[in-house]
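Residue numbering for the sequence shown follows my numbering, beginning at 2 and increasing consecutively.
Beta carbons are placed, not taken as given, at the ideal position from N, Cα and C, and that holds for glycine.
Note sheet for the following structure.
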Amino acid sequence: MNVEQKIEKMESCRGKNHDLLLYREWLNEYLPDHKAVSKIQVGGTNGKGSTCQWLQGLLKNSGFKVGVFTSPHLISHFERIVVNNEMISSVDWERIYDQYEPLFNEKQMTMFEMDLWMALAYFLEQEVDVMIMEVGMGGRLDATTALDYSATLITNVGMDHQQYLGDCIEQIAYEKSGIFKPGVLALTTEKKENCQRVMEQVASIIMPMLGFVSLPYQQDGNKISFEWNEHTYYMNLPYYQVDNLALALECLFALGVELKPEVIQKTIDEFNWLGRFTQLKRDYRVILDGAHNVDGIRSLVNSVKEWKGSIYFSALSDKDVKEMLDILNTLHCPITLVHIDSYRAYDLDSLHYPVISKEELIKKINNPSEDMLVCGSLYFMGEILEKVKD
């Protein structure tokens, strides 16, 4: 098999992850050095990937070598395993996969368990100083929770993946809080009081060092300013990135990492997370954003505020598409739906909006005649970004 076939084989191994204690036993037997490296776990409904990116940028610019494990990927499966902002090469990925494939087959690991295993193996080879591990889904039963951590972070709690995590916000908050560990720093920017109460109840049993993070800011047009640790910083990013950055800053400060003001501002100026409020270089304003649930769409709408162009949207069948469209309609702009290549795609033809193909949208993006806001699932963003010219 070539590397593409090996990835295809891995991606077909979906299903329920193994018991965390069992997965931990396998790691301890075959990758025992994983216990010696400092790790930070990042969970939550929205903003996990951005928070991982903030942590990586702050640490890298402070002189650390950082491994980051995230999912899902946008364009290439290799995006899931990154060291100092460079994704694993196809040669290294295939070499590690070949090394552990017999074990993967013997243990019947899921794709996510294999991805995580390979990330740990690569990070150990690369001798990283810190590993940043993004939760796949939920938290309590996620494979990343089998590891030890210096800190566990929760960005926020929203209604997503209800078929797996529960049909009310409190149940989802409970599942997210399952990443807490005794005596380990646990920080969150979640602001809803009912979710905070759930976290406090879980913390009263598990006994982490729980803290709630909030960072006031001022906004003047597209420019945001805020003060942290007696210095003022400026960013030209969506407002919700303030929370993600605050979570990263407070985490590293609590862990004793010296963060110089010039390093923080440099990290802000360099920040880029592909597919999250990505602005393409065009004569017109073209924004691609992977907002893929109700809270994400609401944050996107609040960020663009008065939109004067058209909106192009697609989503998967397990999302609350009608509510997401209701929120987008508050911008009072034409909305066109876009077919995507996925068995999980929502039946867009049933929604009584204009519908176009992905190919038609790509042509419009490459030669726009108006401002375009393209949003929906991360899978949708990946399909588009793979084909558009920047």
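Here Trp118 is not bridged, per DSSP, to any residue.
In the three-state DSSP reduction, Leu148 falls in the coil class, being neither helix nor strand. C-alpha of Phe227 to C-alpha of Pro217: approximately 7 Å in a straight line. Assigned with DSSP and collapsed to three states, Lys388 falls in coil, not helix or strand. Taking 4 residues as the minimum length, the alpha helix (DSSP H) runs contained wholly in the region 179 to 218 are 194 to 207, in order along the chain. Across the structure, Val129 and Ile82 are spaced so that their CA atoms are roughly 12 Å apart. For secondary structure counted as the alpha helix (DSSP H) over 4 or more consecutive residues, the region 242 to 299 holds these complete runs in sequence order: 242 to 255 and 262 to 271. In the DSSP assignment, Val322 is bridged to no other residue. DSSP places Trp27 inside the alpha helix (DSSP H), whose first and last residues are Leu21 to Tyr31. Distance from the CA of Gln172 to the CA of Phe70, rounded to the nearest whole angstrom, comes to 26 Å.
Beta-bridge partners of Tyr240 (DSSP): none assigned. Closest in C-alpha terms to Cys14, from the list Gly276, Thr268, Ser178 and Met112, comes Met112. Lys108 and Leu28 have their C-alpha atoms some 12 Å from each other. Going by C-alpha positions, Glu176 is about 42 Å away from Arg283.
Scanning Lys306, Gly291 and Val38 for the CA closest to the CA of Asp149 turns up Val38. According to DSSP, residue pairing for Gly44 in a beta bridge involves Ile155. Beta-bridge pairing by DSSP links Phe105 to no other residue. According to the DSSP assignment, Thr337 belongs to no alpha helix (DSSP H) but to the beta strand (DSSP E) extending over Ile336 to Val339.
By DSSP's assignment, Tyr234 forms a beta bridge with Phe227. The beta-carbon separation of Leu154 and Val43, rounded to 5 Å, stays under the 8 Å limit for a contact. Boundaries of the alpha helix (DSSP H) harbouring Leu362: Lys359 to Asn367, taken from the DSSP string.
DSSP, reduced to helix, strand and coil, places Asp350 within a helical segment of the structure shown. Between Leu186 and Ser215 a beta carbon distance of about 17 Å is seen, past the 8 Å cut, so the two are scored as non-contacting.
Shown here for Ile269: same chain residues with a beta carbon closer than 8 Å to its own, the five before and five after excluded, namely Tyr234, Tyr235, Met236, Leu238 and Leu246 in chain order. The continuous stretches of alpha helix (DSSP H) do not include Ile89, and DSSP gives it neither H nor E. Secondary structure at Gly50: helix, using DSSP grouped into helix, strand and coil. Excluding the 5 residues flanking it on each side, Gly137 has same chain C-beta neighbours closer than 6 Å at Ser72, Phe113 and Asp143, in chain order. Within the DSSP secondary-structure output, Ile133 pairs in a beta bridge with Ile41 and Val69.
Secondary structure note for Met373: its beta strand (DSSP E) is the uninterrupted segment Met373 to Gly377.
The alpha-carbon of Ile180 is positioned some 30 Å away from that of Ala346. Rounded to whole angstroms, Leu253 and Glu259 show a C-alpha spacing of 8 Å. Per DSSP, Ile312 is one residue of the beta strand (DSSP E) stretching across Ser311 to Ser315. In summary, Asp348 is exposed, with fewer than 16 beta-carbon neighbours lying within 10 Å of its beta-carbon over all protein chains present. Taking the Cα of Tyr98 as reference, the smallest distance to any Cα among Gln202, Leu352 and Glu5 is reached at Glu5.
When the five nearest sequence neighbours on each side are left out, the beta carbons in the same chain lying within less than 6 Å of the beta carbon of Trp55 are those of Asn245, Leu246 and Ala249, in order along the chain. Under DSSP, Gln57 forms no beta bridge with any residue.
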